[in-house]
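Residue numbers are given in this note's numbering: position 370 of the sequence shown equals residue 370, and the series is strictly consecutive.
Even glycine gets a Cβ: it sits at the ideal position worked out from N, Cα and C.
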Amino acid sequence: MPTPPFISSLAARHDELVSTLANHVAIPTGHSYRPGLDEYRGLLAERLEKLGATIEHRTGDARPWWLDHSGRSREEIEAETEEPLPVLIARKQTDRDSPRVMIAGHLDTVHDPKGSFREMTIDREKKFANGPGVVDMKGGVLIAIAALEALAEAGIDCNWTVVLNSDEETGSFQSARILHDVACEHDLGIAIEPALADGSLAVERMGSGQCMIEVFGQSAHVGREFEKGISAVTKLAEVLLMLSKMARPSEGRIVNAGPLKGGVVTNAVPDYAACWVNVRYRDPEAGENLARMIDELATKGDDLPRVVVHREWNRPAKPKTDGVKAFAQCIREAAESLGQELPFASTGGVCDGNIMQAAGLPTLDTLGVRGGNLHRPDEFIELASLVDRSQLLAMVLSRIAMGELTVPARKCVAQ
């Protein structure tokens, strides 16, 4: 079978892709840094618009105040809350009656825009590069656009929507509703998260949720009126023990508490304490069980100590459905046609693919570049993967456009 022309055109773009990635990495987009995010978003919107896409910037929802770990009051947090970061939505609809593909990525990184890790550096052999976001996920965003450009140059029409948010690294609380709504309009989903450490394609993921548990007590002077005090810290300690008993990894339940907050000085009974909790769960049933158990920690009425629970299961479990299996096999066959191996794997990590699939959209989410040391100051990318992963993505999209994948019937699942 002859090699499609877009494969060779992408191979010829290696040096250009490396240079472009260095430019993208030099734009600081960590820690919700708006000037950098706006610049990067605008640059990508311009390239997507040149492909004939209709561009939309959609504003999402406010991030829940209780996710802030700074120790400030709710009033202080909400007073300083900025407008949610916009989500870039670029749609390309053709006359071809082919499946609609949603391609999701994120613009933000975890790296401090004012830190020392700000530029991309390449090793002497030119095989690897270090830089903030090189693999998670500026490399992935770049190969997605390169693949779409190569297909357009080859005259292959695809129906696609690229969705790029700016808060994935902090849980996508602002953009989750938008991701869900756009997912409901499509037939297949791709998220360009980095490949797993061994290059595998993640076919199932655990779900994740966030909680804040507040405890209210009664302050008192330790030396004079200790017996009148009601320690919020002591009650929080009891809550922490109960949380630890909920964790059963063998049954698909993980519970981790921290950070903690409680007390101001040692000679006063603390009247307030709080902890933040992350949970992971294997399937919807495990998630529902955890939700019920954590909700039951809350007390009723105004008696002290009083326990208040705030929680949001922001990334539902992503099981290996029949639709995912069929899609994964299509991607594996595309990889094999290029001489690439593509093992499958499961992971406890979460991403926006969880949100997309929870909307009923069969989604695979590790089609980005290869690399490692994510979220660290030695984050790196395998530079060869800029070409071979863009080739794989282009091959997958072309096969979808040509009708080589049977897309299962689906319906939108309410959020």
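Assign residue i to one of two classes, buried (16 or more other C-beta atoms within 10 Å of its C-beta) or exposed (fewer than that).
i	result
Leu-241	exposed
Thr-29	buried
Thr-366	buried
Gly-115	exposed
Ala-62	exposed
His-180	buried
Met-402	exposed
Ser-70	exposed
Ala-409	exposed
Gly-155	exposed
Glu-125	exposed
Lys-300	exposed
Lys-261	buried
Ser-54	The residue you asked about is not Ser; residue 54 is Thr in the sequence shown. Looking at its Cβ environment, which holds fewer than 16 other Cβ atoms inside 10 Å, Thr-54 is exposed.
Thr-3	exposed
Asp-302	exposed
Asp-271	buried
Glu-153	exposed
Thr-266	exposed
Lys-411	exposed
Ala-197	exposed
In this structure, how does DSSP classify residue i when only helix, strand and coil are distinguished?
i	result
Cys-412	coil
Val-324	helix
Asn-23	helix
Lys-138	helix
Met-356	helix
Gly-58	The sequence shown places Arg at residue 58, not Gly. In this structure, Arg-58 counts as strand in the three-state DSSP scheme.
Lys-50	helix
Pro-86	strand
Phe-117	coil
His-375	coil
Met-102	strand
Val-308	strand
Ala-345	strand
Ala-129	strand
Gly-42	helix
Val-387	helix
Val-203	strand
Gly-36	helix
Leu-148	helix
Arg-91	strand
Glu-196	One point to set straight first is that residue 196 is Leu, not Glu, in the sequence displayed. Looking at Leu-196 - three-state DSSP - the assignment turns out to be coil, as it is neither helix nor strand.
Arg-315	strand
Glu-296	coil
Leu-405	coil
Leu-392	helix
Leu-367	coil
Glu-80	coil
Ordered along the chain, which non-local residues of its own chain (more than five positions away) have a Cβ less than 7 Å from that of residue i?
i	result
Leu-342	Leu-201, Ile-331, Arg-332, Ala-335
Asp-283	Gly-252, Ala-317, Pro-319
Gly-60	Pro-84, Val-87, Gln-174, Ser-175, Arg-177, Ile-178
Ala-146	Leu-10, Arg-13, Leu-17, Ser-390
Trp-313	Gly-207, Gly-209, Gly-287, Ala-291
Could you name the residues of the same chain whose beta carbon sits closer than 8 Å to that of residue i, not counting the 5 residues immediately before and after it, in chain order?
i	result
Leu-338	Ile-7, Asp-388, Gln-391, Leu-392, Met-395
Trp-65	Arg-74, Ile-77, Glu-78, Thr-81
Ala-129	Val-18, Leu-21, Ala-22, Met-120, Thr-121, Ile-122, Asp-123, Phe-380, Ile-381, Leu-383
Thr-406	Ala-326
Val-101	Cys-158, Asn-159, Trp-160, Thr-161, His-186, Asp-187, Leu-188, Gly-189, Ile-190, Leu-397, Ile-400
Gly-199	Glu-341, Leu-342, Pro-343, Arg-370
Pro-194	Val-135, Asp-136, Met-137, Gly-139, Gly-140, Thr-366, Gly-368, Val-369, Arg-370, Gly-371, Leu-374
Val-239	Ile-213, Val-215, Cys-275, Leu-297, Val-307
His-264	Note on identity: in this sequence residue 264 is Val, with His being the wrong assignment. Taken in chain order, the residues that qualify are Pro-270.
Phe-226	Ala-220, Val-269
In its own chain, which residues sit with a C-beta less than 6 Å from the C-beta of residue i, not counting the 5 before and 5 after it?
i	result
Ser-166	Leu-37, Leu-85, Leu-107, Asp-108
His-24	Lys-138
Glu-214	Ala-274, Val-308
Ala-26	Glu-119
Ala-90	Leu-48, Ala-53, Ile-55, Val-162
Ala-150	Phe-6, Ser-9, Leu-10, Ala-394
Ile-230	Gly-217, Gln-218, Leu-304, Pro-305
Val-222	Asn-267
Shorter than 8 Å, the distance from the beta carbon of residue i to the closest heavy atom of the ligand COA, or not?
i	result
Pro-259	The ligand COA is not among the ligands present in this structure, which contains no ligands whatsoever.
Should residue i be flagged as near chain D, meaning a C-beta pair shorter than 9 Å?
i	result
Gln-210	No chain D appears in the structure shown, which is made up of a single protein chain.
Enumerated in chain order, which unbroken segments of the beta strand (DSSP E) with a length of 3 residues or greater are wholly contained in the region 207 to 294?
207 to 216, 253 to 262, 272 to 281
Evaluate contact between the region 238 to 258 and the region 185 to 200, counting only Cβ atoms and requiring at least three cross-stretch pairs below 8 Å.
no
Whole beta strand (DSSP E) runs in the region 155 to 191 with 3 or more residues, listed along the chain?
159 to 165, 188 to 191
The region 345 to 353 touching the region 303 to 313, judged by at least three CB pairs closer than 8 Å
no
Assess, as a yes-or-no matter, whether the region 216 to 226 is touched by the region 245 to 254 under the definition of 3 or more beta carbon pairs within less than 8 Å.
no
Would you call the region 40 to 50 and the region 286 to 294 in contact, with 3 or more CB pairs under 8 Å?
no
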